[in-house]
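A.B. asks:
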Amino acid sequence: MKYIVVLADGMADNPISEWDNKTPLMVAKKPVMDSLCKRGQAGLLKSIPDGMHPGSEIANMNILGLDPREYFPGRGVLEAAALNVPSEPNELVFRCNLVTIEGGKLVNHSGGHISNEEAGELIKALNNELTSEGVKFHQGVSYRNLMMMENGSEEIECKPPHDYPGEPFEGLLPSGKAGGSETVDRLQSLIKKSIEILDKHPVNKRRREQGLAAANAIWPWSPGKAGGFPSFKERWGIKSGAVISAVDLIHGIGGMAGLESIHVEGATGLFDTNYEGKAAAAVEALKKVDFVFLHVEAADEAGHEGDKDLKKKVVEDFDQRLLKPLLEGLNQLDEEVAIALLPDHPTPCELRTHTSDPVPFFIVKPGLEADGVDSFDEESVKNGAMGTLSDGGVLEKLFS
Ligand SMILES: [Zn+2]
1 MKYIVVLADG
11 MADNPISEWD
21 NKTPLMVAKK
31 PVMDSLCKRG
41 QAGLLKSIPD
51 GMHPGSEIAN
61 MNILGLDPRE
71 YFPGRGVLEA
81 AALNVPSEPN
91 ELVFRCNLVT
101 IEGGKLVNHS
111 GGHISNEEAG
121 ELIKALNNEL
131 TSEGVKFHQG
141 VSYRNLMMME
151 NGSEEIECKP
161 PHDYPGEPFE
171 GLLPSGKAGG
181 SETVDRLQSL
191 IKKSIEILDK
201 HPVNKRRREQ
211 GLAAANAIWP
221 WSPGKAGGFP
231 SFKERWGIKS
241 GAVISAVDLI
251 HGIGGMAGLE
261 SIHVEGATGL
271 FDTNYEGKAA
281 AAVEALKKVD
291 FVFLHVEAAD
301 EAGHEGDKDL
311 KKKVVEDFDQ
321 RLLKPLLEGL
331 NQLDEEVAIA
341 LLPDHPTPCE
351 LRTHTSDPVP
361 FFIVKPGLEA
371 DGVDSFDEES
381 VKNGAMGTLS
391 DGGVLEKLFS
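The letter at position 325 of the sequence shown is residue 325 when you use full-length UniProt numbering, and the numbering goes up by one with no holes.
1. Relative to the C-alpha of Phe271, which candidate in Leu126, Asp317 and Ala340 has its C-alpha closest?
2. If you draw a straight line from the C-alpha of Arg144 to the C-alpha of Met52, how long is it?
3. Out of curiosity, what's the CA-to-CA distance linking His109 and Leu98?
4. Provide the residue(s) that pair with Tyr3 in DSSP beta bridges, ordered along the chain.
5. Compare the beta carbon distance of Ser231 and Ala213 with 8 Å and say whether it is the shorter of the two.
6. Taking only three categories from DSSP, how would you classify Lys46?
7. Please tell me whether, using a cut-off of 7 Å, the distance from the CB of Gly10 to the nearest non-hydrogen atom of ligand 1 is below it.
8. Determine the DSSP secondary structure at Gly140, reduced to helix, strand or coil.
9. With respect to 7 Å, is the separation between the Cβ of Asp391 and the closest non-hydrogen atom of ligand 1 below this value?
10. What is the DSSP secondary structure of Cys96, reduced to helix, strand or coil?
11. If you check the beta carbons only, do Leu323 and Val283 fall under 8 Å apart?
12. Report the rounded CA-to-CA distance for Gly104 versus Asn216, giving the unit in angstroms.
13. Run the CB neighbour count on Ser56, radius 10 Å, all protein chains shown included, and call it buried at 16 or more, exposed below.
14. Could you tell me the alpha carbon to alpha carbon distance between Glu154 and Ser17, rounded to whole angstroms?
15. With H, G and I counted as helix, E and B as strand and the rest as coil, what does DSSP make of Gln41?
16. Thinking C-beta only, is Asp344 closer than 8 Å to Glu79?
17. Taking Lys30 as the reference, which of Lys313, Ser400 and Asp334 has the closest Cα?
18. Can you find the residues in the same chain that come closer than 7 Å, C-beta to C-beta, to Gly254, ignoring five residues on each side of it along the sequence?
19. Which value, in whole angstroms, describes the spacing of the CA atoms of Asp309 and Ile101?
20. Among residues of its own chain, excluding the 5 on either side of Met147, which ones have a beta-carbon nearer than 6 Å to its beta-carbon?
21. Can you list, in chain order, the residues of its chain with a C-beta nearer than 7 Å to that of Gly393? Leave out the 5 residues immediately preceding and following it.
22. What are the partner residues of Glu157, as DSSP defines its beta bridges?
23. Report back the beta-carbon spacing between Asp76 and Gly224 to the nearest angstrom; my notes put them in contact at under 8 Å.
24. Out of Ser390, Ser132 and Leu333, which one is the CA nearest neighbour of Lys287?
25. Go to Ala214, then tell me how far its alpha helix (DSSP H) extends in each direction, as first and last residue.
26. Should His304 be listed as close to ligand 1, given that the test is whether its C-beta is under 7 Å from any heavy atom?
27. Where Pro73 and Pro358 are concerned, what is the direct C-alpha to C-alpha distance, given to the nearest angstrom?
28. Extract the residue ranges of the alpha helix (DSSP H) inside the stretch 209-280, only unbroken runs of 4 or more that lie entirely within it.
29. Using only the alpha-carbon positions, how far apart do Lys43 and Glu378 sit?
30. Taking Cβ to Cβ, would you say Leu190 is nearer than 8 Å to Ile218?
31. Nearer than 7 Å: is that true of the beta carbon of Thr388 relative to any heavy atom of ligand 1?
32. Of the choices Glu297, Ser175, Ser47 and Leu259, whose alpha-carbon is the least far from that of Lys239?
33. Cβ of Asp163 within 7 Å of any heavy atom in ligand 1?
34. In the DSSP assignment, find the beta strand (DSSP E) that holds Ile363 and state where it starts and stops.
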């Protein structure tokens, strides 16, 4: 038996009043998804542990059975793994945003969505001026970069910059628990020095002249150290597996858990992604490995845009351009394939951010009797035979 999890990032939603309290999953035409759902058993999964932030990294780790309460290593560590940037055991790894600070306020978390090329110049300047302070910077994508700090303490609290747009930055600076005060001092000083270095940098002068936001400060957050991450094989006894995604974080989680990373040309993480290419890559991968985690980001982005019509279209594209060729390909394989389909978390259009509500799922596998749920959406699955599961419950059922 082979196994595939099709993960529709952020596809679950809340009832939309203009649509008679229906969700995009209820309104969209998705014959392939619905007929697949009808062949299996459905339910709800509580994918976000109580008290944890409903981030994709938390949800996806939890769905894969890598309990984030125990093993979440910080966003920086996961992104470093995805970018193949090594870190030393004594290094504290941070996600390091390039942000905009003006008039004492954290204006945005993205440095005005600075380009890769501009970010590269700024990262170079930071490395020239600040390596003597025991830190080094690695370029990622746009404002999403990394900072490694020698001998930093994990007893600190760093605020995610996207949660505080427009607030005075002094009140948001890293703070300490017992034992972390030296690291806190270093971080606060680094942020202030970064403003001196970046604010007058030619890249930012140019951006201001063009009426763009200056990426004039660093914002290190989500610190952690590598090591101690569980392997997927040990967790589930599945010999080999692969991750297909356009998102670095998902590759980071998979890579640290020993799953192979497959990158598909034209997979953008957006509405124009190469759905067909991802489906084909999943079928190819299942000829070699026993498990594939096929992650598709587009629905989440539509939710963040707050665009219900776009989200409906994403569901329909997902159905016709991803699921349809995927199932056709799986039918050609020599071995039978067990399938699970689910979102990681809801990204409701009205809220434009993630929530912790349970997500709908279904499982289709040989020998599993159909439960009669013939529409895959937030309400219908409540009549499913699987009931409400939590954490790695879907994989447990898939592999059992
Ligand atoms: Zn999201």
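Cβ atoms here follow ideal geometry from the backbone N, Cα and C, with glycine treated the same way. Just so you know, these numbers come straight off a predicted model, no measurement behind them.
C.D. replies: Reading it off the structure:
1. Asp317
2. 22 Å
3. 7 Å
4. Phe291 and Ala338
5. no
6. strand
7. yes
8. strand
9. no
10. strand
11. no
12. 12 Å
13. buried
14. 45 Å
15. strand
16. no
17. Lys313
18. Val243, Ser261 and Phe293
19. 34 Å
20. Phe94, Cys96, Val135, Phe137 and Pro220
21. Leu45
22. Ser175
23. Note on identity: in this sequence residue 76 is Gly, with Asp being the wrong assignment. About 6 Å separates the two Cβ atoms, so the contact holds.
24. Leu333
25. No alpha helix (DSSP H) contains Ala214, which DSSP labels as neither H nor E.
26. yes
27. 24 Å
28. 232-236 and 248-256
29. It is worth fixing the name first, because residue 43 is Gly in this sequence and not Lys. Rounded to whole angstroms, Gly43 to Glu378 spans 9 Å at the Cα level.
30. yes
31. no
32. Leu259
33. no
34. Val359 to Val364
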